[in-house]
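Asker:
Residue numbers (my numbering): 29 to 379.
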């Protein structure tokens, strides 16, 4: 039986986000967290990895990090969950990079990317293929979509030379956006693949008042569905340009962000990814979505409800961002380990 997942959560703070020493990061996740995830009604976890915790700059693998990762996978399996592992932040690639990441320009970086995956395979291949999947990388940001195809295919070839049955999860260029799926070169005749997209549109809603997105740091009431801020798009663009200290790129984006957004528009975005998945007869997963803590609950609940509802209607599995445990503005669990309001929204869709 092949790996299957339906409803899950990202674990992004454990071995990825932050710069704490590994000794501190490993304590972030405890076995009871995985039981609580199961008790929420979820069936899988997405484990996000940061290169610096696993490989030294000379490429040497840290066996201690592998031991910690395996312990987390074991906890997930013991709780009745399945897991997938992704390379989330690399020295040669970060999904927040504004310039072309080295991964897409350096043959050396690409060779190391392949080595990281063969290292992971060699240390994790004993897990059953119906319990553990591999996701190539989080949110590639190549300046040309084809460059991402060139990179992931090298890792794909190396992994398939070692193992045919492991499910490999593939997302598209530019933050796994559905709109770039059309340029994704999907392997032919490989049933052990899963396609994956991320969704945070409109960013004015999902990231409202998130400090790393200056375009959202505005003192206006937020709305969904409809126009996020009740003012013309051109007026919001002017405000964002002169009050928010945006880069020239973000100033340009500001002019078209404050436009009406509805469930129907959300569905049309999802369909872009679903069409590609159906063409290749592969499952589709919504691998990241969620709303920031400053989003008013009445707005966040409507947005999340629409996302969950569409996934149910379109037969798309999902992995919400993120467990958080209070350390992440998108957290579905507080520091005390209690579910936050997002879990109430998701419960009707867990059947």
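Glycine is no exception: its CB is placed at the ideal position from the N, C-alpha and C atoms. The model shown is predicted, which means the values in this text are computed figures rather than measured ones.
Tell me the DSSP bridge mates of residue 176?
Answerer: Here the question's residue 176 lines up with position 148 in the chain shown. In DSSP, residue 176 forms no bridge with anything.
Asker: Report yes if the CB atom of residue 117 is closer than 8 Å to the CB atom of residue 163, and no otherwise.
Answerer: The sequence position of residue 117 within the chain shown is 89, counting from 1. The sequence position of residue 163 within the chain shown is 135, counting from 1. Their beta carbons are not under 8 Å apart, which means residue 117 does not touch residue 163 by this criterion.
Asker: May I ask which residues mark the beginning and end of the alpha helix (DSSP H) holding residue 342?
Answerer: Indexing the chain shown from 1 puts residue 342 at position 314. Per DSSP, residue 342 belongs to the alpha helix (DSSP H) from 325 to 342.
Asker: In terms of residue numbering, what span does the alpha helix (DSSP H) encompassing residue 79 cover?
Answerer: Position 51 of the chain shown holds residue 79. Start and end: 79 to 82.
Asker: Would residue 351 be called buried (16 or more neighbouring beta carbons within 10 Å of its own) or exposed?
Answerer: Counted from its first residue, the chain shown places residue 351 at position 323. Classification of residue 351: buried, given that the 10 Å Cβ count is 16 or more.
Asker: Since residue 332 contacts residue 373 with CB under 8 Å, what's their CB separation in whole angstroms?
Answerer: Looking up residue 332 in the chain shown gives position 304. Looking up residue 373 in the chain shown gives position 345. Going by Cβ atoms, the distance from residue 332 to residue 373 rounds to 5 Å, so yes, they are a contact pair.
Asker: Quick one: residues in its chain with C-beta nearer than 8 Å to the C-beta of residue 257, no 5 flanking neighbours on either side, listed in chain order?
Answerer: One-based indexing of the chain shown puts residue 257 at position 229. So the qualifying residues of the chain are 232, 246, 248, 249, 250, 251, 264, 286.
Asker: Pull up the CB-CB distance for residue 240 and residue 123, whole angstroms please, since I reckon it's below 8 Å.
Answerer: Here residue 240 refers to the residue found at position 212 of the chain shown. Here residue 123 refers to the residue found at position 95 of the chain shown. That pair is no contact at about 12 Å.
Asker: What does DSSP give as the partner residue(s) for residue 289 in the beta ladder?
Answerer: The residue labelled residue 289 in the question sits at position 261 within the chain shown. Beta-bridge pairing links residue 289 to 254.
Asker: With a cut-off of 8 Å, do at least 3 Cβ pairs link the region 182 to 190 to the region 204 to 211?
Answerer: No, because fewer than three Cβ pairs between the region 182 to 190 and the region 204 to 211 fall closer than 8 Å, the two stretches do not touch.
Asker: Can you tell which of 89, 66, 53 has its C-alpha closest to the C-alpha of residue 371?
Answerer: The residue you call residue 371 lines up with position 343 of the chain shown. It is 66.
Asker: Between residue 90 and residue 153, what straight-line distance do the alpha-carbon atoms span, to the nearest angstrom?
Answerer: In the chain shown, counting from the first residue as 1, residue 90 sits at position 62. In the chain shown, counting from the first residue as 1, residue 153 sits at position 125. If I take the Cα positions, the gap works out to 17 Å.
Asker: Rounding to the nearest angstrom, what Cα-Cα distance links residue 33 and residue 345 in this structure?
Answerer: Residue numbering aside, residue 33 sits at position 5 when the chain shown is read from its first letter. Residue numbering aside, residue 345 sits at position 317 when the chain shown is read from its first letter. If I take the Cα positions, the gap works out to 7 Å.
Asker: Using CA coordinates, which residue listed in 131, 103, 288 is at the minimum distance from residue 115?
Answerer: Stepping through the chain shown from its first residue, residue 115 is reached at position 87. The residue with the shortest Cα to Cα distance from residue 115 is 131.
Asker: Based on Cα-Cα distance, which residue from 242, 253, 255, 291 lies nearest to residue 267?
Answerer: As a first step, residue 267 must be located in the chain shown, where it is residue number 239. Ranking 242, 253, 255, 291 by Cα distance to residue 267 puts 242 first.
Asker: Please report the distance separating the alpha-carbon of residue 135 from that of residue 325.
Answerer: As a working note, residue 135 is residue 107 in the chain shown. As a working note, residue 325 is residue 297 in the chain shown. Looking at the two C-alpha atoms, the distance is approximately 46 Å.
Asker: Given a cut-off of 8 Å, decide if residue 225 and residue 161 are closer than it, judged by their beta-carbon atoms.
Answerer: Here residue 161 refers to the residue found at position 133 of the chain shown. Here residue 225 refers to the residue found at position 197 of the chain shown. The answer is no: Cβ separation not under 8 Å.
Asker: So residue 36 packs on residue 75, CB below 8 Å; how close in whole Å?
Answerer: By 1-based counting over the chain shown, the position of residue 36 is 8. By 1-based counting over the chain shown, the position of residue 75 is 47. About 11 Å separates the two Cβ atoms, so there is no contact after all.
Asker: Which same chain residues end up closer than 6 Å to residue 330 when comparing Cβ atoms and leaving out the 5 residues on each side of it in sequence?
Answerer: Within the chain shown, the letter at position 302 stands for residue 330. Excluding positions up to five away in sequence, the list reads 252.
Asker: Counting beta carbon pairs with one atom in the region 56 to 66 and one in the region 99 to 114, are three or more of them shorter than 8 Å?
Answerer: Segments in contact, yes.
Asker: Could you please give the first and the last residue of the uninterrupted alpha helix (DSSP H) stretch that includes residue 140?
Answerer: Taking the chain shown and counting its residues from 1, the one referred to as residue 140 is at position 112. Taken as a continuous stretch (DSSP letters only), the alpha helix (DSSP H) holding residue 140 covers 135 to 152.
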